[in-house]
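Colleague: Before I ask anything, here is the structure I am working with.
Protein chains: 4
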Amino acid sequence: MFFKSDNSLGVPEVMFEAMKKANEGPVTAYGNDPWTDKITAMFCDLFEREVAVFMVTTGTAANALSLAALTPSWGAVLCHNESHIMVDECGATEFYSGGAKLMGVAGENGKLTPEAINQALYYSEPGNEHYVQPAALSLTQVSEAGTIYTLDEIGMLCDAARSRNFKTHMDGARFANAVSSLGCSAADMTWKAGIDVLSFGATKNGALAAEAVVLFDLELADELNYRRMRGGHLISKSRFPAAQLIAYLQDDLWLKNARHANEMSKCLADGLQNSSKLRHAFDVDANLQFVIMKNEVHEKLIAGGAQFYTWPGRGPQGKNAKQEDEIIARLVCGYSTTKEDVDAFIALVENVG
Amino acid sequence: MFFKSDNSLGVPEVMFEAMKKANEGPVTAYGNDPWTDKITAMFCDLFEREVAVFMVTTGTAANALSLAALTPSWGAVLCHNESHIMVDECGATEFYSGGAKLMGVAGENGKLTPEAINQALYYSEPGNEHYVQPAALSLTQVSEAGTIYTLDEIGMLCDAARSRNFKTHMDGARFANAVSSLGCSAADMTWKAGIDVLSFGATKNGALAAEAVVLFDLELADELNYRRMRGGHLISKSRFPAAQLIAYLQDDLWLKNARHANEMSKCLADGLQNSSKLRHAFDVDANLQFVIMKNEVHEKLIAGGAQFYTWPGRGPQGKNAKQEDEIIARLVCGYSTTKEDVDAFIALVENVG
Amino acid sequence: MFFKSDNSLGVPEVMFEAMKKANEGPVTAYGNDPWTDKITAMFCDLFEREVAVFMVTTGTAANALSLAALTPSWGAVLCHNESHIMVDECGATEFYSGGAKLMGVAGENGKLTPEAINQALYYSEPGNEHYVQPAALSLTQVSEAGTIYTLDEIGMLCDAARSRNFKTHMDGARFANAVSSLGCSAADMTWKAGIDVLSFGATKNGALAAEAVVLFDLELADELNYRRMRGGHLISKSRFPAAQLIAYLQDDLWLKNARHANEMSKCLADGLQNSSKLRHAFDVDANLQFVIMKNEVHEKLIAGGAQFYTWPGRGPQGKNAKQEDEIIARLVCGYSTTKEDVDAFIALVENVG
Amino acid sequence: MFFKSDNSLGVPEVMFEAMKKANEGPVTAYGNDPWTDKITAMFCDLFEREVAVFMVTTGTAANALSLAALTPSWGAVLCHNESHIMVDECGATEFYSGGAKLMGVAGENGKLTPEAINQALYYSEPGNEHYVQPAALSLTQVSEAGTIYTLDEIGMLCDAARSRNFKTHMDGARFANAVSSLGCSAADMTWKAGIDVLSFGATKNGALAAEAVVLFDLELADELNYRRMRGGHLISKSRFPAAQLIAYLQDDLWLKNARHANEMSKCLADGLQNSSKLRHAFDVDANLQFVIMKNEVHEKLIAGGAQFYTWPGRGPQGKNAKQEDEIIARLVCGYSTTKEDVDAFIALVENVG
């Protein structure tokens, strides 16, 4: 009954096979190899247009490098106040951008709205040098709350951003889960909706350590190239992360893995829906879900062998707020989560005193 | 009827006299001159202990240099969410600290409370590398709302900070107004209450361009020395800012100026207190006050010759919130504000249609 | 016999008169005042074209802000390996630029040559992300060695820079001395010769603390505006540095002061030229000169009441190198240096044992 | 005949086996897993003392994170003027340190000497805020020239550093090759000789992407932890780089690989030693060597199927300098270089025109 994190799972065997296949003969280092060329071409296919691709090994690197290219050091990035870049990356975006500000915006269900952005911008004044200048909007899809923006919602947020000349970034650490859940194309969910730069995540969904900054705004490519090198994120034996991503995209492995994780999460949500022991904090749109329970229920679940993290912070904003004697738990399903584990957890909840 | 800003006023003649007196013969540059020595000694007297003094020419420089020395780049500074360092300095603290985070904390009446700080720290976890590490607390005295922390309040906030190993900073852009209002000593309001570093402001209260970082934690002196130079804030002809500060402290000019400004502000507040045309947003403790009025009243006051700024943002948090058809105005009195202007403004408000 | 530094001297009385005149009535702060408008117009006149002007209070700030706008953080600035930005500013340019590299280039007589620049660029490769990307050239006029680039030399260096798409910066801490020495116009020595950004110094030549970044490339104005604020270099009572610069430019005070300093320096050089006790290290083109002497001569001069600094480092490159038992002394004349002092120093040298 | 780079080679099969073995069951992410614990223990064994280990995926990250912890932003790092951190990392150390300066020091044979360091420090003055403050010394072992410092040389350099309170760093991108060549222990070559922090490289010698910062100064561990996270270098599925390093250290694979590479390099050097077509630029101590040849020889070798890089820059300092019509070639042998290739290259050189 392991629901701690999708980062905690291993990888499918095919990852090793793919890397072995790339392990032939000497090739030029630092990304000038056939595997890197191939993955770039595959990304162009996936997104149905020319894109520039910068592989890195962590999502934090992808986010921070992306946002550093989208905002000057005196700029600001609008993001949800519980987003990963705001809360969980030890200030990586501030570091890479030379001290830009993240402006955290509240939003129910883990999601931003154009109205909330308007409100957050109340203080800022374009052209007034006393204020940092908002320059980019960052959305997280799947959000930190496990919810998903619809294509319309993304479009409206991007419109709101563009009307103010902000650039737009999507933190797609769980990109596959979102695409799978929406049943749309990768293009639909990104540049067609107005996204300029994407952090494309693969690690949480089956790669060892492979993420990519995908640029739809090709003019940023030059800058990304230097920023990645300077950040120490240019892998010399680039064929190995490339091989992982090739295997990930080939035969739709990325979607299969994500679909499985989402289905397991759905099963779990359905099984818990009517429980009197806990209630959901947010909508369950993808492979992670948050449930609120009494401390004593929490203790019994742990004692019963369930593994998951409790969540810091205030929990859901608006409705459904956590009470004093309660905790919020995050339950994450991944590509290798089993139906047995899901059923066992549901049964355990039912049987908790 | 000029109430725009204390920065908009000139300086007392004595400032020029003092600088002229310092204009004799060659002296060693960059702070190794008798005037700089003298002002350091005067600050030690003022604070009744040894302090290290670093003159700079702007309050933003004083704040950013101070806070950069108090927090690592992966750290965070807790401050009021409408404080000058948070809102009005174009990210100077983020820049000087190498990308540390300012954690804005809400608080009524422009003031922080130990409870609000506790709440803000909910997310952070000492020693967990995924989170920025709060390292300093910054108080603004006089606050941006024109209110003043009592000595007890400062003491309690500093205790809360120290119990978590945070360093403490006071943004004293209007230090004199606060000391004058509280009737306490400079020592009482700073290190005796637990403050480690002070941004001592003089410019708003009668200097041309003279502020000082005052260190009560002398171990930071070495670092400040390099940071000031590297920021381009070491004045070569240091005798001139020194002369300003000498004149400022001598014969209690600083307190006289502040007392006058506070008194004018009190007269203004008293005269407006029962007006039906506007209401105060916050307590009036020092030389600035905020009043809420209908848009049409605002327009008439401007048309009548009053000069003041409206204030962006949500205005007062909690009680007394601004309505849709209202604005918040900031009225600032300074060392040279006249009773005539105050009376004229009160009369103008009374006579507004 | 004071020849330590032009920073050590005071200021002409007219500076105080000018500031007093600006000390009337309230004006909008932070540069939106008539005096700031006036000095901007005066700079446009001086340079015979539209320029953008950003006043600051130190030369280090002017240099670092300028260069930060000319190079990305992964860029490099070419400069003389003994230039002020390289050696004497505690890494201010590295700080303001977010970690760009200064590439120090050797050059005789304190001056860069196109050839030396070519050689320094041997390692760099445009577009190769493994190398920092040279982006700007910075010249110091008057150079740190007291020498002056001819207009042709500036033109050739700027051509060499522009052919590689580098921007060009002039550190004009002693701008007046150079213009006076060359007998050219301010325009000739800057944008007409290919300079994009100038650090215009006044402090060393008679102001209290007033320098200006002068942009000939107006597209940089927006960026400078934020960078200056963020660096804490926007003076609230901007009328006072403006008043200094107005007085400085009015009635050619800047040229008069510089001419005097240069003349005194010339007298000094002439008087020392045939001395057997010391020899000049570099050409004497302006108001500072370097002489090499035996340690024992140095001691006797100090004992005789002369005040000057010895110079660290290897001293002159190429010809004329310092020997083991010798020191290099820097002798600086300023706007208030007297003929009496110059003569006294020459006599002292003659009479040294 | 591939001699381009050790980064261009693949990895031994055992790497994949090791990672597969680590691919079992869910484990806590971000380094809190048994494989990360094991590799830390193995490093303690290897270095015969307690060390703190921070795995990263590139040598640039290891170097920049290390040096950022050893120098304040106003500090300087002394290093060879052709070292990787100086020339090839796009300013990563400047970036991570917040703008510290790298002071490049010349040295024959790619190596620093205490004398050269003394000379480089001529300009700096401890405690004088006008100068950046040298704070660390970084050695590269194997050097960029392919030479190796003896234990005595390392000891003397570390002594020189420590006598000035500098911290010491070793860039050990080719650590194994150096240890193998010297026949000493890992401890001998590092902390026993005075090194505080080591960048331990494995990628060039057989790992996919696995390097480690090894701290002998344990007080830096806290800082490294935050800096690594903030730089985006904390791998979530940490077990996989750990598995690589476990396989690398187990059964002395690291030494076997390095010994082979060194031997191939020795064969190559011996075979070329008496050639009239080229001459060595530096001593050949490990797995890379530099040869100087006429342009026409270069062209013929390439035409004959040899693959190697020419080297930018001036080439060897002092003796043996490159002539106008010559190039410098770098020939690198790796863990999988074959005797056949070496012999073929030697024969090709012999048979060239």
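Residue numbers (our numbering), protein chains in the order written: chain R, 5 to 357; chain L, 5 to 357; chain Y, 5 to 357; chain E, 5 to 357. Quick reminder that beta carbons are idealized off the backbone N, C-alpha and C, glycines included. As the structure is a computational prediction, the values presented were derived from the model and not from experiment.
Would DSSP call E/R5 helix, strand or coil?
Modeller: Counted from its first residue, the fourth sequence places residue 5 of chain E at position 1. The question names Arg, yet the displayed sequence has Met at residue 5 of chain E. Reduced to three states, the DSSP call for E/M5 is coil.
Colleague: Taking Cβ-Cβ distances below 9 angstroms as the criterion, which residues of the stretch 203 to 226 of chain L are in contact with chain Y?
Modeller: Answer in chain order: T207, K208, A211, L212, A213.
Colleague: Which runs of the beta strand (DSSP E), 3 residues or longer, sit entirely within the stretch 182 to 231 of chain E?
Modeller: Counting only runs of 3 or more, we get 201 to 205, 215 to 219.
Colleague: Opposite R/F58 in the DSSP bridges: which residues?
Modeller: Taking the first residue of the first sequence as 1, we reach residue 58 of chain R at position 54. BP columns for R/F58 point to R/V217.
Colleague: For R/P138, does the three-state DSSP call read helix, strand or coil?
Modeller: Numbered from 1 along the first sequence, position 134 holds the residue referred to as residue 138 of chain R. The answer is strand: DSSP assigns R/P138 an E or B state.
Colleague: For Y/Y388, which residues of its own chain have a beta-carbon under 6 angstroms away from its beta-carbon, when the five flanking residues on both sides are left out?
Modeller: The question about residue 388 of chain Y has no answer here: the residues shown for chain Y are numbered 5 through 357.
Colleague: Judging by CA-CA distance, which residue of R/R231, R/L155, R/V288, R/T341 is the nearest neighbour of R/G364?
Modeller: Beyond the ends of chain R as shown, which are 5 and 357, falls residue 364 of chain R; an answer cannot be given.
Colleague: Buried or exposed: where does R/S12 fall if 16 or more other Cβ atoms within 10 Å of its Cβ makes it buried?
Modeller: For this step, residue 12 of chain R is matched to residue 8 along the first sequence. Classification of R/S12: buried, given that the 10 Å Cβ count is 16 or more.
Colleague: Going along chain Y in order, which residues have a C-beta closer than 9 angstroms to the C-beta of E/D92?
Modeller: In the fourth sequence, counting from the first residue as 1, residue 92 of chain E sits at position 88. Per Cβ cutoff of 9 angstroms: H134, Y135.
Colleague: Does L/E98 get closer than 8 angstroms to chain R when you measure Cβ to Cβ?
Modeller: Position 94 of the second sequence, counting from 1, holds the residue named residue 98 of chain L. Yes, L/E98 counts as interfacial toward chain R.
Colleague: Just to confirm, is the Cβ distance from R/V353 to R/L292 under 8 angstroms?
Modeller: What you label residue 353 of chain R is simply residue 349 of the first sequence in a count that begins at 1. What you label residue 292 of chain R is simply residue 288 of the first sequence in a count that begins at 1. Going by C-beta atoms, R/V353 is not nearer than 8 angstroms to R/L292.
Colleague: Secondary structure at E/R263, three-state DSSP: helix, strand or coil?
Modeller: Within the fourth sequence, the letter at position 259 stands for residue 263 of chain E. Helix, per DSSP.
Colleague: Is the beta carbon of E/A72 closer than 8 angstroms to that of E/Y100?
Modeller: Here residue 100 of chain E is taken as the residue at index 96 of the fourth sequence, counted from 1. Here residue 72 of chain E is taken as the residue at index 68 of the fourth sequence, counted from 1. Yes, Cβ-Cβ distance for E/Y100 and E/A72 is below 8 angstroms.
Colleague: Using the three-state DSSP reduction, which class does Y/Y126 fall into: helix, strand or coil?
Modeller: Indexing the third sequence from 1 puts residue 126 of chain Y at position 122. Correct three-state label for Y/Y126: helix.
Colleague: I'd like to know whether the C-beta atoms of L/I239 and L/M46 end up nearer to each other than 8 angstroms.
Modeller: Counting from one through the second sequence, the residue named residue 239 of chain L turns up at place 235. Counting from one through the second sequence, the residue named residue 46 of chain L turns up at place 42. In this structure, L/M46 does not lie closer than 8 angstroms to L/I239 by Cβ.
Colleague: Using alpha carbons as the reference points, say which of L/E17, L/L219, L/F20 lies closest to L/S70.
Modeller: Here residue 70 of chain L refers to the residue found at position 66 of the second sequence. Ranking L/E17, L/L219, L/F20 by Cα distance to L/S70 puts L/L219 first.
Colleague: Could you tell me which chain C residues have their CB closer than 8 angstroms to the CB of Y/S87, listed as they occur along the chain?
Modeller: This model lacks chain C altogether, as its protein chains are R, L, Y and E.
Colleague: My guess is that L/R334 and L/F312 are in contact by the Cβ rule of under 8 angstroms, so how many angstroms apart are they, rounded?
Modeller: Walking along the second sequence from the start, residue 334 of chain L turns up at place 330. Walking along the second sequence from the start, residue 312 of chain L turns up at place 308. The Cβ separation is near 6 angstroms, so the contact holds.
Colleague: Can you list, in chain order, the residues of its chain whose CB lies under 6 angstroms from that of E/S184, leaving out five sequence neighbours each side?
Modeller: Here residue 184 of chain E refers to the residue found at position 180 of the fourth sequence. These residues qualify, in order along the chain: L259, A262, R263, N266.
Colleague: Give me the residue from L/M5, L/K42, L/A22, L/V60 with the minimum Cα distance to L/A214.
Modeller: Start at 1 with the first residue of the second sequence, and residue 214 of chain L comes out as number 210. Comparing Cα positions, the closest option is L/V60.
Colleague: What are the start and end residues of the alpha helix (DSSP H) that includes Y/E157?
Modeller: Numbered from its first residue, the third sequence carries residue 157 of chain Y at position 153. Element bounds for Y/E157: 155 to 166.
Colleague: Sort out for me which residues DSSP pairs R/F294 with in a bridge.
Modeller: Counting from one through the first sequence, the residue named residue 294 of chain R turns up at place 290. R/F294 is bridged to R/R334.
Colleague: Compare the C-beta of Y/T62 with all C-beta atoms of chain L and state if any pair is closer than 8 angstroms.
Modeller: Within the third sequence, residue 62 of chain Y is the residue found at index 58, counting from 1. By this cut-off, Y/T62 is an interface position.
Colleague: Buried or exposed: Y/E86, going by 16 or more other Cβ atoms within 10 Å of its Cβ?
Modeller: Reading the third sequence from its first residue, position 82 is the one you call residue 86 of chain Y. The residue in question, Y/E86, is buried, as its Cβ has 16 or more Cβ neighbours within 10 Å.
Colleague: Between the stretch 56 to 83 of chain E and chain R, which residues of the former have CB atoms less than 9 angstroms from a CB of the latter, in chain order?
Modeller: From the stretch 56 to 83 of chain E, only V60, T61, T62, G63, T64, A65, A66, N67, A68, L69 have a Cβ closer than 9 angstroms to chain R.
Colleague: Three-state secondary structure (DSSP) at R/A26?
Modeller: Taking the first residue of the first sequence as position 1, residue 26 of chain R is located at position 22. Correct three-state label for R/A26: coil.
Colleague: Excluding sequence positions up to five away, which residues of its chain have a Cβ less than 6 angstroms from the Cβ of R/S147?
Modeller: Locating residue 147 of chain R in the first sequence gives position 143, where the first residue counts as 1. Here the set comprises G114, K115.
Colleague: Buried or exposed for L/E133, going by 16 or more other Cβ atoms inside 10 Å?
Modeller: Sequence index remark: in the second sequence, residue 133 of chain L carries index 129 (1-based). So L/E133 ends up on the buried side.
Colleague: DSSP three-state label for Y/A96, please.
Modeller: If you number the third sequence from 1, residue 96 of chain Y lands on position 92. Correct three-state label for Y/A96: helix.
Colleague: For Y/D175, which of helix, strand or coil comes out of DSSP?
Modeller: What you label residue 175 of chain Y is simply residue 171 of the third sequence in a count that begins at 1. Y/D175: strand per DSSP, three-state reduction.
Colleague: Helix, strand or coil for E/V288 per DSSP?
Modeller: Along the fourth sequence, one-based indexing puts residue 288 of chain E at 284. In the structure shown, E/V288 sits in coil (DSSP, three-state: anything other than H, G, I, E or B).
Colleague: With 8 angstroms set as the bound, which would you pick, yes or no: does the beta-carbon of Y/G102 sit closer than that to a beta-carbon of chain R?
Modeller: Here residue 102 of chain Y refers to the residue found at position 98 of the third sequence. At least one chain R Cβ lies under 8 angstroms of Y/G102.
Colleague: Please report the distance separating the alpha-carbon of E/M5 from that of L/L74.
Modeller: By one-based count along the fourth sequence, residue 5 of chain E stands at place 1. By one-based count along the second sequence, residue 74 of chain L stands at place 70. Rounded to whole angstroms, E/M5 to L/L74 spans 56 angstroms at the Cα level.
Colleague: Tell me the rounded alpha-carbon separation between L/F58 and L/V217.
Modeller: Position 54 of the second sequence, counted from the first residue, corresponds to residue 58 of chain L. Position 213 of the second sequence, counted from the first residue, corresponds to residue 217 of chain L. So the alpha carbons of these two residues sit roughly 5 angstroms apart.
Colleague: Measure from the C-beta of R/G95 to each C-beta in chain E and report whether the shortest distance is under 8 angstroms.
Modeller: The count along the first sequence starts at 1 and reaches residue 95 of chain R at position 91. Chain E contact via Cβ: present.
Colleague: Taking just the CA atoms, how far does R/K105 sit from Y/A110?
Modeller: Mapped onto the third sequence, residue 110 of chain Y falls at position 106. Mapped onto the first sequence, residue 105 of chain R falls at position 101. Cα-Cα distance, rounded: 40 angstroms.
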